[in-house]
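Residue numbers (the numbering used here), protein chains in the order written: chain A, 4 to 322; chain B, 8 to 316.
Let me begin by presenting the structure, written as structure tokens, before commenting on it.
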Amino acid sequence: MAAGTELLRETQIGRPRSGNVTARRRNFLADLLGISPTLALYGAFVVIPTGLALVLSFTNWDVIGPLTWAGFSNWSRFFSDPVAHHSLLVTFELAGLSWLAQTPLAMALGIFIAGRQRYRAVYAAIYLVPLLLSTAGLSLMWEDVLFPQFGGLAWLGIHFHMAFLNQNWIGSPSLALFTIIVIIAWQFIPFHTLIFQAGRRAIPAALYDAATVDGANVRQAFWHVTLPQLRYSIVTSSTLVLVGSLTYFDIIYILTLGGPGDTTRVLAMDMYNVGFVETEFGYASVIATVLGVLGILVAIALVRLTGFASMEGGQEGIS
Amino acid sequence: MTTVPKQVADTPASRTTGRQRRRARSEALSGIKGGSKGFHVISFILGTIWLVIVLGPIYYMVLASFRSGNQYFTANAWLPTGGLTLSSYSAMFHGSGIGTVLRNSAELTAGTIALVTVLSLGAAYRIVRRGSRYAAVSFRLILFGIAVPIQAIVIPLFFITTKIHIYDKLYGLTLVIAASLVPVAVLLMVNYVRLIPRELYDAMAVDGAGQWTIFTRLVFPMARPVLAVVSIYAGLGAWNNFLLPLILTQSNNDMVLPLGLYRFATNSEYGINVPVVMAFVFFTMLPILLLYMVLRRQFVKGIGGFALR
């Protein structure tokens with residue numbers, strides 16, 4: 004969104020050009036024809052649902068029966084629901100650990116594939132592959148790699164006497180969340196690597212020249228040139244990691260359904276269970292609203308904190 | 008003082024500086040800020056480790072898919088020794104109802120691509136021309152959608168689709184998925200269409216071309232590269248989508264691939280046969296992987312979405 008706001012300002016899109024009344028009316032007509040279909044579809048299935056999520060949180064609905072007003076009862080339930088609080092905690096844990104797992108590694112790999120060596124172009128092409136796979140497909144793939152006794156990792160553990168590899172990675176309460184975080188990282192690090200690759204390539208060589216003239220060594224060049232120059236990449240990537248993992252659902256649903264116990268029951272999973280399993284859609288809408296607000300707040304906070312909005316003329320960009 | 012630069016230019020010290028500068032430049036291009044060979048070697052090794060991590064599970068899956076149910080338990084898990092077979096693939100074609108699922112996914116993907124590209128190009132053209140306040144307000148509203156997590160609106164989506172009777176219909180699912188992809192698609196399009204020089208519009212207007220002619224003869228042909236990018240973005244979003252089909256469809260007739268895959272793997276009859284599941288998974292990945300080999304550049308931009316500009 005921030006990128007778009009910047010675009011608004013940069014191109015001054017949205018400031019109607021002056022013209023006579025007939026021309027303006029004709030323009031308005033063309034806009035109406037050009038934009039309205041998009042807006043209708045988007046309005047019906049994105050804008051209205053966003054508002055409706057909040058409205059539904061003040062109702063009770065179980066699909067079969069009629070919709071009834073519930074006042075604040077769903078909300079007060081949320082504030083005293085230990086399961087929801089636990090879910091909130093697991094969600095934050097997942098988001099924080101995902102950030103730790105993804106951002107530094109993605110930065111290192113992004114800088115690596117920003118290099119112009121031919122082998123790195125080949126590596127970069129292969130690094131992207133996880134992003135092409137459906138979450139359902141890659142989850143099932145990982146499930147079998149990690150399967151205790153018979154999976155690929157367990158096989159290595161058994162044949163090379165590394166017993167620690169032969170674990171119940173997905174089924175054990177102490178390992179499940181960790182395993183989920185690793186699989187999510189495997190899926191999304193390539194995406195963030197792309198961001199850092201573009202950011203690294205946009206740093207002018209002159210900055211490294213200057214650093215070299217000043218006698219900077221490798222480490223100093225990284226801390227004083229690369230890292231500050233990558234700040235917008237870091238903000239973009241961190242925002243997307245945090246927002247993405249606060250709302251994460253797919254892999255958890257496919258592999259654990261929130262279990263074992265409720266060790267991986269993140270907020271989105273909690274919402275699904277409350278809504279689509281227990282058919283308490285009013286209360287589930289409270290959780291959904293919290294989810295949405297959390298995501299949007301994190302995005303805004305990061306944008307504000309780091310001055311993302313003032314990034315015009317930054318060094319980032321691809322192509 | 009004025010002669011100093013000349014003198015400096017001839018000293019060995021300055022030549023070292025020049026060499027350093029050249030090296031710095033090549034390092035800057037190479038992406039490594041290290042000067043030493045050792046640094047390159049370490050980078051190579053670490054980069055290769057990640058390559059193995061990326062390819063390892065995929066290789067394991069492909070290998071497992073060429074085993075029979077029995078071989079899977081006895082044969083080497085990582086080396087293609089001990090006999091390979093296509094039996095899992097034939098089992099997949101016979102037992103999984105893959106035909107319907109495949110056709111549904113193809114329809115969903117084609118429909119989504121068509122909707123998203125046509126709608127977002129039309130909107131982007133009018134937004135870039137900034138003819139009225141309506142265009143400006145619409146653009147702001149559409150950008151807001153990028154911040155809305157889809158997980159937060161699945162319940163209202165379920166509510167709406169059941170109320171207007173497009174629940175458990177493939178076209179209903181297509182509409183919802185297309186709508187969810189609109190914000191980023193419009194942003195990608197606007198980013199591209201705004202690069203068309205205003206002189207071209209003006210020249211066509213002078214020749215008496217109307218808005219529609221300008222759209223079909225200028226904007227559409229010029230936007231072809233970004234149409235490919237948006238198509239890939241929309242296509243992947245539809246082909247791989249799991250959450251929306253899970254929420255908005257129910258019957259086997261409307262089942263799409265990712266959901267079919269999940270149901271198949273959790274089905275007690277087939278799900279325990281790992282090689283067949285792996286064959287199914289690999290089979291659904293194959294079309295995308297093949298396309299990726301041909302259209303790598305467009306994929307990078309389509310996947311990068313709005314994060315890469």
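For glycine and all other residues, C-beta sits at the position ideal for the given N, C-alpha and C.
The beta-carbon of Arg-80 (chain A) is placed no less than 8 Å from the nearest beta-carbon of chain B. In the assembly as shown, Pro-163 (chain B) is a buried residue. Its beta-carbon has 16 or more other beta-carbons within 10 Å.
Of B:Thr-55, B:Lys-44, B:Ile-49, B:Phe-100, the smallest CA-CA separation from Gly-267 (chain B) is found for B:Phe-100.
Annotated three-state conformation of Trp-72 (chain A) is strand, per DSSP.
Judged by DSSP secondary structure, Ala-104 (chain A) falls within the alpha helix (DSSP H) whose first and last residues are 85-116. Residues of the segment 285-297 of chain B whose Cβ lies closer than 7 Å to any Cβ of chain A, in chain order: Met-285, Val-288, Thr-291, Met-292, Ile-295, Leu-296. C-alpha of Leu-93 (chain B) to C-alpha of Tyr-132 (chain B): approximately 50 Å in a straight line. Look at Thr-92 (chain B) here: in three-state DSSP terms it is coil, with no helix or strand label. For Pro-294 (chain B), the enclosing alpha helix (DSSP H) has its first and last residue at 281-301. By the criterion of a C-beta distance shorter than 6 Å, Leu-57 (chain A) is surrounded in its chain by Thr-292, once the five residues flanking it on both sides are discounted. Membership of Trp-57 (chain B) in the alpha helix (DSSP H) is indicated by the continuous run 44-72. Residues Arg-123, Tyr-126, Ala-127, Tyr-130, Thr-196, Gln-200 of the same chain have their beta carbon placed closer than 7 Å to that of Ile-116 (chain A), with the five preceding and five following residues left out of the count. By the Cβ neighbour-count rule, Glu-146 (chain A) is buried, with 16 or more other Cβ atoms within 10 Å of its own. Contact between Gly-138 (chain B) and Asp-34 (chain A) is confirmed by a C-beta separation of about 5 Å, below the 8 Å threshold. Boundaries of the alpha helix (DSSP H) harbouring Tyr-126 (chain A): 121-130, taken from the DSSP string.
Distance check between Ala-188 (chain A) and each of A:Phe-225, A:Gly-247, A:Ala-224 places A:Gly-247 closest, using alpha-carbon atoms only. Classified as exposed, Phe-82 (chain A) has fewer than 16 neighbouring CB atoms from the shown chains inside 10 Å of its CB. Between Phe-271 (chain B) and Ser-72 (chain B), the CB-CB gap reaches or exceeds 8 Å. Your pair Leu-255 (chain B) and Thr-116 (chain B) does not check out as a contact, with CB atoms roughly 16 Å apart and the cut at 8 Å.
Looking at the backbone, the Cα of Thr-53 (chain A) and that of Leu-168 (chain A) are separated by about 44 Å. In terms of Cβ geometry, Leu-135 (chain A) and Pro-156 (chain B) do not form a close pair [threshold 8 Å]. Under the 10 Å beta carbon count, Arg-304 (chain B) is surrounded by fewer than 16 other beta carbons and is classified as exposed.
Among the CB atoms of chain B, none fall inside 8 Å of the CB of Leu-103 (chain A).
In the three-state reduction of the DSSP assignment, Thr-196 (chain A) falls in the helix class, which pools H, G and I.
For secondary structure counted as the alpha helix (DSSP H) over 4 or more consecutive residues, the segment 174-206 of chain B holds these complete runs in sequence order: 177-200. Going by C-alpha positions, Gly-155 (chain A) is about 16 Å away from Gly-174 (chain A). Identification of residues in the segment 232-263 of chain B having a C-beta nearer than 9 Å to some C-beta of chain A yields Leu-243, Trp-246, Asn-247, Asn-248, Phe-249, Leu-250, Leu-253, Ile-254, given in sequence order. When 7 Å is used as the limit between beta carbons, Ile-299 (chain A) is near these residues of chain B: Ala-154, in chain order. Within chain B, the residues Gly-138, Ser-139, Tyr-141 have their CB atoms less than 8 Å from the CB of Phe-31 (chain A), given in chain order. Contact between the segment 92-101 of chain A and the segment 269-281 of chain A is present: 3 or more CB-CB pairs across the two stretches fall below 8 Å. Taking 8 Å as the cut-off, the Cβ atoms of Leu-42 (chain A) and Leu-182 (chain B) do not count as close. Chain order gives the chain A residues near Gly-311 (chain B) as Phe-194, Leu-197, Ile-198, Ala-201, Ile-321, where near means a beta carbon separation below 8 Å. Counting other Cβ atoms within 10 Å of its Cβ, Trp-246 (chain B) reaches 16 or more and is therefore classed as buried. Nearest C-alpha to Val-283 (chain B) among B:Leu-251, B:Leu-62, B:Phe-313, B:Ser-75: B:Ser-75. Remark: fewer than three beta-carbon pairs, one from each stretch, lie closer than 8 Å, so the segment 235-251 of chain B and the segment 210-217 of chain B are not flagged as touching.
For Pro-263 (chain A), no alpha helix (DSSP H) segment is defined, and its DSSP state is neither H nor E.
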